[in-house]
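Start counting the sequence shown at 15; every next residue gets the next number (the working numbering).
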Amino acid sequence: YRLGLIGRNLKRLDHLIGTFSNDAIKRTSIIHADLAHPEQLVGVAEKCDRPVDLLVNCAGQSVTGKTEDIPLSEYTRSWNVNFLSPVFLIQQVLPQMKARKTGMIVNVSSGVALRALPYVSPYCSAKAALNSFTDSLRIEVVDFGIHVLLFMPGPVASNFHHNTVHHGAGPISSPAFHGKEPHVIGQKLLRAIHQHRKRVTLGSKANIALHLQYWSPSLTDQLVKTFYSKNL
């Protein structure tokens, strides 16, 4: 692959590329844009030096707090990063993929899209929208030879939680999550891409919670409430 990396932090992108081999560096380009502002993504497809074969939407940003404490502007920002910008990027690459009758789109979502948690309603709702959109898109493009994958990796050892924006009095107390290393998740994602999977949900706890949610939503609500009881 030739890589086109989109991000708002040029310093961190340069640092990442610095870990590549010389050959990989030559095959990599950087597109400076902030997904919190979808208007910055205009013309991204044209900035790539060749047609896009694979689009991976993996950005994520979370906001915590009680619903009444979170400004509407934060909901807008969260939905831009987690849902609307991925949709906009997909809209830009679909015409060329359809014309060539090939391509793949990967949307990285979260288990909270299927079983929402309290105090992270902007993130949960945006990812739920991304899930529904992905299922809809998959059927729309299947006759054009375009494959669509919904990938839910579970907790990842990244700066995701450190970059979370909180609103309201006092921090939100939540269960401890021990995330897998990014390179491990990356390998699993690459395997799912090569296998042309449609949906992947990683993590035994996430899968148990999803089954429990289906069979007994009331019990699931009670368990979640117990985990977050300190905030009630």
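We put the beta carbon where it would ideally sit given N, CA and C, even for glycine.
On a predicted model such as this, the values are computed, not experimentally measured, just so you know.
Reference TRP93; option with closest CA among MET111, ALA142 and VAL66: ALA142
Look up ARG213 in the DSSP assignment and say whether it is helix, strand or coil. For ARG213, the secondary structure class from DSSP, reduced to helix, strand or coil, is strand.
Short check: CB of GLY159 to CB of LYS115, under 8 Å? Yes, they are a contact pair.
Proximity winner among ALA73, GLN106 and SER43, relative to ALA59 (alpha-carbon distances): GLN106
Do VAL122 and PHE165 have their beta-carbon atoms positioned less than 8 Å apart in this structure? yes
Alpha carbon to alpha carbon, what distance is there between GLY32 and TYR133? Taking the CA atoms as reference points, TYR133 sits about 37 Å from GLY32.
C-beta contact flag for ALA47 and ILE20 at 8 Å: yes
First through last residue of the beta strand (DSSP E) which encompasses GLY200: Note, GLY200: premise wrong, no beta strand (DSSP E); alpha helix (DSSP H) at 196-208.
Excluding the 5 residues flanking PRO100 on each side, which residues of the same chain have their C-beta closer than 7 Å to its C-beta? ASN71, ASN121 and LEU144
Span separating the alpha-carbon of LEU55 from that of LEU103: 7 Å
Can you tell me whether DSSP reads ASN71 as helix, strand or coil? strand
Are there any heavy atoms of the ligand SAH lying less than 7 Å away from the beta-carbon of LYS61, as far as the coordinates show? For the ligand SAH, the structure offers nothing, since it holds no ligand at all.
Could you give the distance in angstroms between the alpha-carbon of VAL126 and the alpha-carbon of ALA206? 20 Å
Measuring alpha carbon to alpha carbon, tell me which of ILE39, ARG26 and ASP28 ends up nearest TYR15. ILE39
Would you list the residues sitting across from LEU19 in a DSSP beta bridge? ILE44
Compute the distance between the beta-carbons of THR78 and ILE186, then report whether it is under 8 Å. yes
Taking 8 Å as the cut-off, decide whether the C-beta atoms of GLN227 and LEU131 are in contact. No.
Sorted by chain position, which residues of the same chain lie with C-beta nearer than 7 Å to THR42's C-beta, five sequence neighbours on each side aside? LEU17, LEU19, ILE31 and PHE34
Between HIS210, GLY193 and LEU233, which has its C-alpha nearest HIS169's C-alpha? Here residue 169 turns out to be Pro, not His, going by the sequence shown. For the residues HIS210, GLY193 and LEU233, the minimum Cα distance to PRO169 belongs to GLY193.
Excluding sequence positions up to five away, which residues of its chain have a Cβ less than 6 Å from the Cβ of GLY217? Cβ contact annotation for GLY217 (same chain, cutoff 6 Å, sequence separation greater than five): GLY168, in chain order.
With 16 other CB atoms within 10 Å as the buried threshold, where does GLN209 fall? exposed
Under a Cβ-count criterion, where at least 16 other Cβ atoms within 10 Å of its own Cβ denotes burial, should GLN75 be classed as buried or exposed? buried
Whole-angstrom Cβ separation of ARG211 and LEU163, contact assumed at under 8 Å? 6 Å
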